[in-house]
Amino acid sequence: MDIRPIRSDEDHAAALEEIERLWGADPDTADGARLEILMMLVEAYEEANHPIPPSDPISAIEFMMEQRGLTRHDLEPMIGSRARVAEILNRKRALTLPMIRRLSEGLRIPVDILVRDYPVQRAA
């Protein structure tokens, strides 16, 4: 089994090609073991060299709305009036602690995501 560390984007691309070739291999075979190891190496390389920034609260809310087929109206019990929901989603007003609690429970978004700082457009 000739597997080497991934140290460059070229190594990464080659590993992805090999993963694609091996995709679907039976886990109890040499190809299955090779696939598993390559996937771990790729994951480690991507985390170290191409990290995905954490989601901001509004992006997380929008993602969960999309995943669950929710509308802005569905957020009113968690955020407030239709106007308040629009202000929050348009980043014109920051989330409050009570909103964060209700959104976390209602949308099952971890509180640590909802309390992150994010840009808010303040009225001039």
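Each step along the sequence shown adds one to the number in full-length UniProt numbering, with nothing skipped, and position 38 is 38.
Ideal Cβ positions, reconstructed from N, Cα and C, are used throughout, including at glycine.
Which of helix, strand or coil DSSP assigns to residue i
i: I58; result: helix
i: L70; result: coil
i: D28; result: coil
i: N90; result: coil
i: R108; result: coil
i: H12; result: helix
Nearest candidate by alpha-carbon position, reference residue i, set the options
i: L95; options: A48, L38, D56; result: D56
i: H12; options: A30, E46, L89, D31; result: E46
i: S8; options: D2, E36, D31, A48; result: A48
i: P110; options: V120, M99, P119; result: M99
Cβ-based burial, residue i [other Cβ within 10 Å; buried from 16]
i: A60; result: buried
i: L107; result: buried
i: R93; result: buried
Whole-number beta carbon distance between residue j and residue i, since they are thought to touch under 8 Å
i: L41; j: A15; result: 6 Å
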